[in-house]
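K.L.:
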Amino acid sequence: MIAHWFRARPLNQKLTILFAGTSALALFAACLAMWSYEWRTYRQTMKREMITLSATLADSSAAALVFRDDRAARETLSVLSAEPSASAACLYRNDGVRAAAYREQAGHLCPSKPGSERADFQDGRLVVVQTARLGGDVVGALWLSADLTEMYRRLWRLTQIYAGIMAGALLLAVAISSILQRVISGPILGLAAIASQVSANRDYSIRAPRTSEDELGTLIERFNEMMSQIHQRDIALEQSQDALEERVRERTSELESEIIHRRIVEQDLLAAKEAAEESNRAKSSFLANMSHELRTPLNAIIGYSELLEEDELAAGNESAVSDLKRVQTAAHHLLELIQDVLDLSKIEAGRMDLHMEQMSARSLITDMSVIEPLARRNNNRFVVQTGDRDYVTEVDPMRFRQSLLNLLSNACKFTENGIVTLTLDQRLENEKAWVCWTVSDTGTGIASRDLEKLFHSFSQIDSSATRKHGGTGLGLAISQRFCQMMGGRISVESEPGVGSAFTIHLPAHGPVNLVGAGEFRQLPVASSS
Amino acid sequence: MMSAKTLNLAAILFFVALPGGTRGETPMADEYEIKAAMLANVFKLVDWPASKSGDLSAPFVIGVAGSEDMETALGKTVAKMAGRKTPAGHAIVIRKISGAGGIDQYHAIFIGGSDRKRLQTIIQAVGTQPVLTIGESDKFTSLGGMVGLMVKDDRVQVEVNLPAAQSAGLSISSRLLRIATVIGGGGS
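If you're matching them up, the sequences are chains A and B in order.
Each residue of the first sequence is one higher than the last, beginning at 1 in my numbering.
Each residue of the second sequence is one higher than the last, beginning at 530 in my numbering.
(1) If you follow the alpha helix (DSSP H) that B:A654 is in, where does it begin and where does it stop?
(2) Report all residues from its chain with a CB closer than 8 Å to the CB of A:I338; omit the five preceding and five following residues, and keep chain order.
(3) So the candidates are B:V655, B:G628, B:G642, B:M610; which of them puts its Cα closest to the Cα of B:N570?
(4) Compute the Euclidean distance between the alpha carbons of B:R624 and A:A58, then round it to the nearest angstrom.
(5) Grouping DSSP H, G and I as helix and E and B as strand, with all else coil, what is A:M227?
(6) Quick check on A:L530: buried or exposed, where buried means 16 or more other Cβ atoms within 10 Å of its Cβ?
(7) Run down chain B in chain order and give the residues with a C-beta less than 8 Å from the C-beta of A:S60.
(8) So, A:A86 versus A:L148, is the Cβ gap smaller than 9 Å?
(9) Leaving out five residues on either side along the sequence, give the residues of the same chain with a beta carbon under 7 Å from the beta carbon of A:C412.
(10) Terminal residues of the continuous alpha helix (DSSP H) containing A:S541?
(11) Using the rule of at least 16 other Cβ atoms within 10 Å of the residue's Cβ for burial, across every protein chain shown, is A:I260 buried or exposed?
(12) Under 8 Å: do the region 483–503 of chain A and the region 400–415 of chain A share three or more Cβ pairs, one atom per stretch?
(13) Run through chain A and tell me which residues come within less than 8 Å of B:K609, C-beta to C-beta.
(14) From the beta carbon of B:N690, is the nearest beta carbon of chain A less than 9 Å away?
(15) Taking the straight line between their C-alpha atoms, what separation do you get for A:G487 and A:P507?
(16) At the 9 Å Cβ level, is B:S700 part of the contact set with chain A, yes or no?
(17) Could you give the distance in angstroms between the alpha-carbon of A:R74 and the alpha-carbon of B:Q658?
(18) Between which two residues does the alpha helix (DSSP H) containing A:F121 stretch?
(19) Kindly indicate if chain B contains any beta-carbon less than 9 Å away from that of A:A72.
(20) According to the neighbour-count rule (16 or more other Cβ atoms, all chains shown, within 10 Å of its Cβ), is A:A531 buried or exposed?
(21) Given this structure, state the Cα-to-Cα distance separating B:T551 from A:R157, to the nearest angstrom.
(22) Using a Cβ cut-off of 8 Å, pull out every chain B residue sitting near A:V79, in sequence order please.
(23) So, helix, strand or coil for A:G483, using DSSP?
(24) Taking the alpha-carbon of A:E416 as reference, which of A:G445, A:T438, A:N406, A:D95 has the nearest alpha-carbon?
(25) Spatial neighbours of A:A175 within its chain, please: CB distance less than 7 Å, with the 5 preceding and 5 following residues excluded, ordered by chain position.
(26) Do A:L344 and A:L287 have their C-beta atoms within less than 9 Å of each other?
(27) Residues of the region 571–594 of chain B with a CB closer than 7 Å to any CB of chain A: list them in chain order, please.
(28) Between the Cα of A:M352 and the Cα atoms of A:D311, A:E310, A:G316, A:M398, which residue gives the shortest distance?
(29) Could you tell me whether any Cβ in chain A is nearer than 9 Å to the Cβ of B:T551?
(30) Identify whether A:S529 lies in helix, strand or coil by the three-state DSSP scheme.
(31) List the residues of chain A that B:M567 touches, going by C-beta distances under 8 Å, in chain order.
(32) Measure from the alpha carbon of A:S178 to the alpha carbon of each residue in A:R93, A:A208, A:M226, A:G21, then state which is nearest.
(33) Over the uninterrupted alpha helix (DSSP H) stretch that includes A:A58, give me the two end residues.
(34) Would you tell me roughly how many angstroms separate the C-alpha atoms of A:N280 and A:Y391, rounded to the nearest one?
See the structure below:
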């Protein structure tokens, strides 16, 4: 309780209490020691005085006791009137008879027998028994009772004096300590006030004045050092914050300029793309128009060279006939080329319209016997393999045939003394049913690194092959575009020296019709000679 | 002093009255026993000059004249004393005195009875020698004796002839003088 109260006191009060309390305690201890010493001294002095008095009286009354002179004994005791603290006294003769009494009264009665020689404090009084001797023989005894009131009065007086001294000294201690404590509490309170000021104002530039050279002075100095450290740190923090903001600003402006730059580039790119697309469309449109314009005179060339050939044949002019045949071949090739370019241009210009209809997959390959002569030219065998099943698909029949014939003619061109096979089946790819027409050969094959280039316009693996086999180099690209427009694609697998396999994939539609038993059946057209 | 004496007498009468007749019929032997004890006490209260008391090997000689009873009682009293010696250490010797010769050998002489002639003879023989004379007669001190011991019942009255004792070179303790009736002194 007292400890809690003390903790709640301000520092200066604590110090005053400590100083004054310590002084008061020391003073109290000193007073107590002095008081108890005085008490002891009083008792001892009184005892000694009473023993001396008793001895004197006993000695003086020895003769009176011996000669049984009670009057003389009473006279001897009467000297006690000079000693106020002697409350009662009696003289006893050797035979136990009481010879004289002094001031015997109620409460201070002499005992019937004096007892042995002693000097004791008992019942608030001092009782002394002193034997009277004459010539070494015990002739009687003195019993003396001394009142302690006087002693107690003096002790009480002493207590009052000590209490007064203590009160005065305590007041003096409080007064002096309340002045002297400022030496310690002053700097601390000043420091506390400055700390509060710093905390309230967030002003770390304030410094506490150093007033002493002791630990308090050191404390204040350390406080000031900490303050200056905080101050410096604040400044550094502020500076770094400024620098950071500056960096952020710089970076932001950099980013902004970069974004602007990129936007410009993007716009440039977009413009370039649009320009490119525009020019591509212009090119396609130009090509479409040009192809048409080119075909008309070419048809005239072919027509008139055939008429001339018939005329020359009838005239028997052999050399002219062969020349005219060469003209026709070149014209046909040119026509073919123009046809292909026209197709490609139409596709790229977005003007190619397909006429889609539901068709049987088998019916689409019934007229493939047209390829027989081409196959035979390179001494190849043409085989068609179809299962018993038929599949329904949706195609533009003319464009489909064009694509398939392109694949077959390619296979026949690039294979010599081999087999060209056309296979029809259905496959599941990407959880969808596909109708697949595969044209495989036993030709030269294509290196894997060239496979990608196959479907690009004007691309042939071997440019010398074009010269040898003819063809425009546009066929595969056009076929691929057609198949893609019909919802499918053309895939290729090839191994150099073994052969190639080109497959047209088109989505399967509707139910599958069973044609008949037998796994494979050679179509009548495939019967090779 | 006279009034004190009267009181003393009253006290004596008071004490006599209390025990009744038994004290009155006390045998003489009891009286001498008391007197012998008193005599022994008187010796403790008197100082002899060095010539008489310096040599511890010399005995303390008590002469008894004219009282067989006193001689007997004193013998008994001395027998009770430790080692039959005085507190100073002298052996105690009791002798009967027949004549006046050889008085100087005694330290103290008890003269019994009230025979005037015998009293005077011995007192004169002592003269100023340091010999304490003690008597039991009322007129003992007035005849020149030094200490008179008068016993009435169990009370003892002491008379001291201070000039006689002083001229004999004996010093009597103030404690004895305080309870005694002093004859011939300045105070009486």
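Every residue, glycine too, gets a C-beta built ideally from N, C-alpha and C.
P.N.:
Working from what's here:
(1) 645–655
(2) S291, L294, R295, L298
(3) If we check each option's Cα against that of B:N570, B:M610 comes out closest.
(4) 34 Å
(5) helix
(6) Given that chain A is displayed from residue 1 to residue 529, the structure contains no residue 530 of chain A and the question cannot be resolved.
(7) Chain B residues near A:S60: R704, R707.
(8) no
(9) I371, L374, A375, N378, N380, V420
(10) Residue 541 of chain A is absent from the structure shown; chain A starts at 1 and stops at 529.
(11) exposed
(12) yes
(13) Those do not exist, as B:K609 stays about 10 Å from chain A at its closest Cβ, beyond 8 Å.
(14) Taking a beta-carbon distance threshold of 9 Å, B:N690 does not count as an interface residue toward chain A.
(15) Going from the Cα of A:G487 to the Cα of A:P507 covers about 7 Å.
(16) no
(17) 36 Å
(18) Run containing A:F121: none in the alpha helix (DSSP H); it sits in the beta strand (DSSP E), 118–122.
(19) yes
(20) No information on residue 531 of chain A is available, as it lies outside the stretch 1 to 529 that chain A covers here.
(21) In this prediction, B:T551 scores a pLDDT of 38, lower than 50, which makes its location untrustworthy; the coordinate-derived value is nonetheless stated afterwards. If you draw a straight line from the Cα of B:T551 to the Cα of A:R157, it is about 60 Å long.
(22) The premise fails here: A:V79 is roughly 12 Å from chain B at the closest Cβ pair, so nothing lies under 8 Å.
(23) Gly is not the amino acid found at residue 483 of chain A; the sequence shown has Cys there. Helix.
(24) Distance check between A:E416 and each of A:G445, A:T438, A:N406, A:D95 places A:G445 closest, using alpha-carbon atoms only.
(25) none
(26) In contact: A:L344 and A:L287 (Cβ atoms closer than 9 Å).
(27) K573, L574
(28) A:M398
(29) For B:T551, the pLDDT reaches just 38, beneath the cut-off of 50, and the residue's location in the model is therefore unreliable, although a value from the coordinates is still provided. Not closer than 9 Å to any Cβ of chain A, the Cβ of B:T551 fails to qualify, so no.
(30) The predicted model places A:S529 with a pLDDT of 36, which falls under 50 and marks its position as unreliable, so this point remains unresolved.
(31) V66, F67
(32) The alpha carbon of A:S178 has as its nearest neighbour, out of A:R93, A:A208, A:M226, A:G21, the alpha carbon of A:G21.
(33) Residues 11–60.
(34) 39 Å
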